Amino acid sequence: MPDPTFPAPLRRASALVPCALLLALLAPGPAAGQECSDCHDGVAVTSPMHASFGCADCHSDVDLEVHPDLPVELSGQAVCGQCHEAGESVAASAHADIGCADCHGAAHQVLPPADPASPMAPVNQVQTCGGCHDAPEVLEDYLGSIHARALLKSGLTQAAPSCSDCHGSHQVLAVEEPESRVSWRHVPETCGSCHQGVLREWLELSAHGTAWRAGEQEAPVCTTCHRSHEIVQPTLDAPRLAFPDDCGGCHRAELGSYRDSFHGQATDLGFLTAATCSDCHTPHANLPAGDERSSVHPANLQETCGQCHGRVTAAFASFDPHSDPTDRQRNAAVYWIWLFMTALLIGVFAFFTLHALLWLQRILVGWRRGELQLGQQGDGPWVRRFRRSQIWTHVVVVVTFLLLAATGLPLKFHATGWASGIAEVFGGLGGTRTVHRIAAVLTFGYFAFHVAQLIRRGVVHQEPGLLWGWKSLVPRGKDLRDLWQNVCWFLYLGRRPQLDRWTYWEKFDYFAVFWGVAIIGFSGLVLWFPKAFTEVFPGWFLNAAHVVHSDEALLATGFIFIFHFFHTHLRPESFPLDPVIFTGRMPLARFREERPLEYQRLVDEGRLDEVLDEPPTEREMTLARTFGFTAVAIGLLLAIAILVGLLGGGY
């Protein structure tokens, strides 16, 4: 017997020597010593690895009735395991029921893995392994990964990992198995075998790596963020925009506050230059803010923010990118501003919703009773109500307001399905920002023009009653009485009030524009030029400006598109459109009914003829209706979008 301490191949060779001698002595003639190729002439061993092997080295379990001259000692032995000790590893792996030839090919043509023609060559493993692992989340994801592109398209076989580089060659274990190379416990080391610098940084400078070393099962590892097979270049558009949601899988509270900031709103709309998690916290050296080495430590924030914003002040860097206005402990000033804006928003909407509903039902009941005549009365003389400068100012107001709403609301309701669609109309968020700012400049322009007109009329020409009285838009005690009488009329408790040149709801609309331009405009400038304003104000001023700009814009757009449209165009008396602001004229009969005090004053003073005018031409009415209906339609669509966003949780 051969020495059992010999290596297996040597033991087999020594065992074959006496057998071969015995065959030579006992062979009955040429037929008994016939070579395998005499019968199996269609089989050729082309494998360079097995070229020195005889047929019986592998085929030791042949049928003795077919080959009676083969001794018993050559049959019944394991085939590949006689030489390849990987058999035990395979038996303990997820591939225990798979034969060697399934991966390495037919035994006669087995090639070394380094041979490009081998099924186990790096470039061929994808097809070989994919024969079984053809699920989309495995094969398709890998084929779309940066690893596959480097391996299959660039041919970087030494630098790009194939299946066995990550999963191992023979002891392939399921990811759930603790000893698997791709398990939570071992995948950082597996990835780190190539990405050594990243692994070192992650282990030494990351809260994630620290938690992993401590054995915390919730700690994210490479495949938590980069997924298992779909590993793509992180600087590409889609992966970059997905960072917030990827990180938010664990950091849910931070994801919510991030999405409420401009950075988060912008990335939701596909704005690639807005900061994501990795821009501030770094991809792998993400340490808590209290760690002096952290990129978000207060001492390092100017450098971190400066990567995108250039040189910034310490005040700018103290801006809170995860601000929660509802948290008084986080910042009391921002909290009280948010509380005021929320109360104002709810109060105005609640009051005018009730006001509009009461008005609508009273008009419909009055019409059914025959008390009111619906529709505009166009027969007879007309009265000029607005100057040409006022008409064109209002046209600019309408255009700029619609542009501001259409380009601002997508940010406010960034999580809705319609937000990105509207943004794309303007060429994405970059286009919406440009249009929004142009419309803002035009808004400041018409505001300045109107104020200049008031100064000219009041100071230069000393026009009486401009700041107080029946001609003025400044609220008076009569407006409160008119409101009270109107509510009583709504509730069938009195007569309609006698209205003058301006009604209380028109005065509210007018000063809402003044308030809106001042509040929305100033807060918008703060957000437009944050570095300049933080030269004077603290960083939380930016957070407060974001709250004010966002909530006041919602108040303005909601009020105009719902209540102003109802007061002016959609109430039954003027439905479907009141063109007076676009033509500057209205029928005398309607003027007498709606503004009885102003009408009577003109009659008493003998000045009624001064305001009489020709009816608008057909061309003027066509232009007024076209522009008016277009504006109202756009406004109503945006109002519906706002309601969808509010009810659907997109706000």
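Residue numbers for the sequence shown follow this note's numbering, so the first one is 943 and each next one is one higher. A virtual CB, placed ideally from N, CA and C, is assigned to each residue, including glycine. Computed from a predicted structure; not experimentally measured.
Might you give, ordered along the chain, the residues of its own chain that have their beta carbon closer than 7 Å to the beta carbon of Cys1136, omitting 5 neighbours on each side?
Once the five neighbours on either side are set aside, the close Cβ partners of Cys1136 are Pro1103.
Under 8 Å, do Gly1587 and Thr1358 count as touching if we go by C-beta distance?
yes
Tell me the DSSP secondary structure of Leu1081 in three-state form.
helix
Exposed or buried, what is His1511 when buried is set at 16 or more other beta-carbons lying within 10 Å of its beta-carbon?
buried
Given a threshold of 16 other Cβ atoms within 10 Å of its Cβ, counted over all protein chains shown, does His1050 qualify as buried or as exposed?
exposed
Which first and last residues belong to the beta strand (DSSP E) in which Arg1527 is found?
Arg1527 to Pro1529
Do Phe1368 and Thr1349 count as a contact pair if the criterion is CB distance below 8 Å?
yes
Take Val1455 as the anchor and find which of Ser1465, Ser1414, Phe1389 and Glu1405 has the nearest alpha-carbon.
When only C-alpha atoms are compared, the closest one is Phe1389.
Specify the secondary structure class of Asp1262 as computed by DSSP and reduced to three states.
coil
Is there a Cβ of chain D sitting closer than 8 Å to that of His1112, yes or no?
Included in the structure is just one protein chain, with no chain D present.
Alpha-carbon to alpha-carbon, Ser1106 and Glu1030:
17 Å
Find the nearest neighbour of Pro1225 within the set His1251, Tyr1200, Ser1260 and Pro1181, judged by alpha-carbon distance.
Pro1181
When you compare each of Ala1474, Ala1495, Thr1499 and Val1468 to Ala1486 by their alpha carbons, which one comes out closest?
Val1468
If you count every other CB in all the chains shown that lies within 10 Å of the CB of Thr1218, and 16 or more means buried, which is it?
buried
Same chain, Cβ closer than 8 Å to Pro1130, five either side skipped, listed in chain order:
Leu1141, Trp1144, Leu1145, Gly1151, Trp1154, Val1163 and Cys1164
Can you check which of these residues, Val1068, Cys997 and Asp1221, is closest to Lys1095 by C-alpha distance?
Val1068
Taking all protein chains shown into account, do 16 or more other C-beta atoms lie within 10 angstroms of the C-beta of Ala1575, making it buried, or fewer, making it exposed?
exposed
Which residue comes first and which comes last in the beta strand (DSSP E) that contains Trp1324?
Trp1324 to Arg1326
Taking the CB atoms as reference points, tell me whether Gly1538 and Leu1415 lie closer together than 8 Å.
Reading the sequence as shown, one finds Pro at residue 1538 and not Gly. Cβ distance not < 8 Å, so Pro1538 and Leu1415 don't count as in contact.
Identify every run of the alpha helix (DSSP H) within the segment 1136 to 1192, keeping only runs that are complete inside it and at least 4 residues long; order them along the chain.
If only complete runs of 4 or more residues are kept, the segment 1136 to 1192 shows the alpha helix (DSSP H) at 1138 to 1147, 1149 to 1155, 1164 to 1168 and 1179 to 1190, in order along the chain.
I need the straight-line Cα distance from Ala1581 to Asp1202, nearest angstrom please.
21 Å
Use the C-beta contact count for Thr947: other C-beta atoms within 10 angstroms, 16 or more gives buried, fewer gives exposed.
Summary for Thr947: the model assigns pLDDT 42, below 50, so the residue's position carries little reliability; its value from the coordinates is reported in the next sentence. By the 10 Å Cβ count, Thr947 comes out exposed.
Would you identify the three-state DSSP class for Asp1555, choosing helix, strand or coil?
If DSSP states are grouped into helix, strand and coil, Asp1555 belongs with the strands.
Any heavy atom of the ligand GDP closer than 7 Å to the Cβ of Ser1237?
As for the ligand GDP, it is missing from this structure, which has no ligand bound.
Quick check on this structure: which residue in Ser1237, Leu1296 and Ala1059 has the alpha carbon closest to the alpha carbon of Leu1425?
Leu1296
Mapping DSSP to helix, strand and coil, what is Thr1284?
helix
Any contact of the segment 1050 to 1066 with the segment 987 to 998, i.e. 3+ C-beta pairs under 8 Å?
The segment 1050 to 1066 vs the segment 987 to 998: in contact.
Less than 6 Å between C-beta atoms, sequence neighbours within five positions excluded: which residues of the same chain meet that for Ser1362?
Leu1211
Would you list, in sequence order, the uninterrupted beta strand (DSSP E) runs of no fewer than 3 residues that lie entirely inside the segment 1499 to 1534?
1527 to 1529
Sequence-distant residues of the same chain with beta carbon closer than 8 Å to Ile1584, five excluded per side
Leu1351, Phe1355, Leu1496, Thr1499, Gly1500 and Phe1503
Taking its Cβ as the centre, do 16 or more other Cβ atoms sit within 10 Å of Ala973, making it buried, or is it exposed?
Here Ala973 scores only 35 on pLDDT, less than 50, and its place in the model should not be relied on; the value that follows carries that caveat. The residue is exposed, with fewer than 16 neighbouring Cβ atoms inside 10 Å.
Could you pull the start and end residues of the alpha helix (DSSP H) that Ser1199 belongs to?
Arg1194 to Arg1201
So, for Leu1183: in the same chain, excluding its five sequence neighbours on each side, which residues have a beta-carbon less than 8 Å away from its beta-carbon?
Thr1209, Gly1212, Leu1214 and Thr1218
How is the alpha helix (DSSP H) around Gln1244 delimited, first residue to last?
Leu1243 to His1251
Note down, in chain order, each residue of its chain lying with its Cβ closer than 6 Å to the Cβ of Leu965, except the 5 sequence neighbours on either side.
Caution applies to Leu965, whose pLDDT of 37 falls short of 50 and renders its modelled position unreliable; the value that the coordinates give is listed next. Cβ neighbours of Leu965 beyond the five flanking positions: none.
For the alpha helix (DSSP H) holding Pro1417, just list the boundary residues, first then last.
First-last for Pro1417: undefined, no H or E at that position.
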